[in-house]
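S.K.: After the structure tokens below, expect a handful of questions from me.
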Amino acid sequence: MIDRPFGSHFTGFVGFFGSRLFRFAATAIAGAALLAACSQMPQAPRESVAATATPSAAPAAPAPQLGTQWGEGIESKTRTVVTKRLSDRPDDVASLGYNEASAVRRAVGGNPERRLSLMLADGDVEWSVLDEDGRPLPLQRARRGAGGDDMFRLAGVEGARYTLRFRNLSERSYEVIATVDGLDVLSGKPGSLRNGGYVLQPLQSLTVEGFRKSQNEVAAFRFSAPGRAYAANTEAGDVRNIGVIGAALFELEERNAPRRQRRDAAPQQPSAFPADGAYAPPPRYRK
Numbered sequence: 285m286i287d288r289p290f291g292s293h294f295t296g297f298v299g300f301f302g303s304r305l306f307r308f309a310a311t312a313i314a315g316a317a318l319l320a321a322c323s324q325m326p327q328a329p330r331e332s333v334a335a336t337a338t339p340s341a342a343p344a345a346p347a348p349q350l351g352t353q354w355g356e357g358i359e360s361k362t363r364t365v366v367t368k369r370l371s372d373r374p375d376d377v378a379s380l381g382y383n384e385a386s387a388v389r390r391a392v393g394g395n396p397e398r399r400l401s402l403m404l405a406d407g408d409v410e411w412s413v414l415d416e417d418g419r420p421l422p423l424q425r426a427r428r429g430a431g432g433d434d435m436f437r438l439a440g441v442e443g444a445r446y447t448l449r450f451r452n453l454s455e456r457s458y459e460v461i462a463t464v465d466g467l468d469v470l471s472g473k474p475g476s477l478r479n480g481g482y483v484l485q486p487l488q489s490l491t492v493e494g495f496r497k498s499q500n501e502v503a504a505f506r507f508s509a510p511g512r513a514y515a516a517n518t519e520a521g522d523v524r525n526i527g528v529i530g531a532a533l534f535e536l537e538e539r540n541a542p543r544r545q546r547r548d549a550a551p552q553q554p555s556a557f558p559a560d561g562a563y564a565p566p567p568r569y570r571k
């Protein structure tokens, strides 16, 4: 378990020039105190492919029949550290679509490409979506030339809980910004690459279990009918972004860390980061 700031002293103040504030997530699973440092992993070979959604002229995907609801409270402690991005440009931006099973089948067609995870930042970080039992949900997309778009999709079940897991296979530190239905999972505001995120340390795993309610608690991610989704019941939400999960990675400054050659990355469609402090406010359900 690692309990240290990155490249700076620990502080609770907001407003250091040239620095950004990030939050560690932690949960009491298997005795781990910090989610961002829950397990030490052996060095793995770097993958050569980074799976990132790209724009496509293909027909629009089926309308979302699932959203993500503000679920039950789960203990998840945070602390604030001061660190700095190597660049204002993200090292990778990726999106995943989700829907109920029949809609996913229509979107990906027959004999789709299947994966259990996506490799981001030239293989440095593995991203997967886990079910309630910690198993990765299968990701599917239409094969090239099959008439679909390039986005991977997963099939959800209304009422089921899910989590986002990021595994750092490199010796570099990253900031992870995650959005669900276009809303930042930390602040509940429209997703933006300018938002702060979670710190993912070298050779560590980070599990994001829900929308952050406070420094000590998150609201679990649960699949729901679109009308019950958090994005449909908060002022910051936009129902047009329901059905998409986003992730953006920024490499962080760290002494003596090996640096890789950068490549350009840009936000993709559908919009996981639709906009440009505070935690997520609770939903307001309409009668």
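Per our numbering, the sequence shown starts with residue 285, numbered consecutively.
Quick reminder that beta carbons are idealized off the backbone N, C-alpha and C, glycines included.
Model, not experiment: these values are computed from the prediction.
1) For residue 516, which three-state DSSP category applies?
2) Are the CB atoms of residue 477 and residue 532 nearer to each other than 7 Å?
3) Tell me the start and end of each unbroken beta strand (DSSP E) in the segment 461 to 533 that is at least 3 residues and wholly inside, in chain order.
4) Does the separation of the CB atoms of residue 459 and residue 557 fall below 7 Å?
5) Going by DSSP in three states, residue 425 sits in which element: helix, strand or coil?
6) Is the segment 465 to 475 touching the segment 416 to 423 in the sense that three or more CB pairs, one from each, lie closer than 8 Å?
7) How about residue 517 and residue 567: are their beta carbons less than 7 Å apart?
8) Does DSSP put residue 385 in a helix, a strand or coil?
9) Look at the alpha carbon of residue 452 and the alpha carbon of residue 527, and state the distance between them as a whole number of angstroms.
10) For residue 358, which residues in the same chain have their Cβ closer than 8 Å to its Cβ, ignoring the five residues on either side in sequence?
11) Could you give the first and the last residue of the continuous beta strand (DSSP E) run that contains residue 412?
12) Who are the Cβ neighbours of residue 442 in its own chain at under 8 Å, not counting the five residues just before and after it?
13) Given residue 353, which residues of its chain have a CB within under 7 Å of its CB, disregarding the five upstream and five downstream residues?
14) According to DSSP, simplified to helix, strand and coil, what is residue 392?
M.R.: In terms of the structure at hand:
1) Helix, per DSSP.
2) Yes.
3) Runs of the beta strand (DSSP E) inside the segment 461 to 533: 482 to 484, 489 to 492, 494 to 496, 501 to 508.
4) Going by C-beta atoms, residue 459 is not nearer than 7 Å to residue 557.
5) Looking at residue 425 - three-state DSSP - the assignment turns out to be strand.
6) Short answer: they don't touch.
7) By the CB criterion at 7 Å, residue 517 and residue 567 fall inside the cutoff.
8) Three-state result, residue 385: helix.
9) Between residue 452 and residue 527, the alpha-carbon positions lie close to 26 Å from each other.
10) For residue 358, where only same-chain residues beyond five positions count, the Cβ hits under 8 Å are 311, 493, 494, 501, 502, 503, 504.
11) Element bounds for residue 412: 409 to 414.
12) Only 350, 384, 507, 508, 509 meet the Cβ criterion.
13) Here the set comprises 506, 508, 512, 513, 514.
14) Helix at residue 392.
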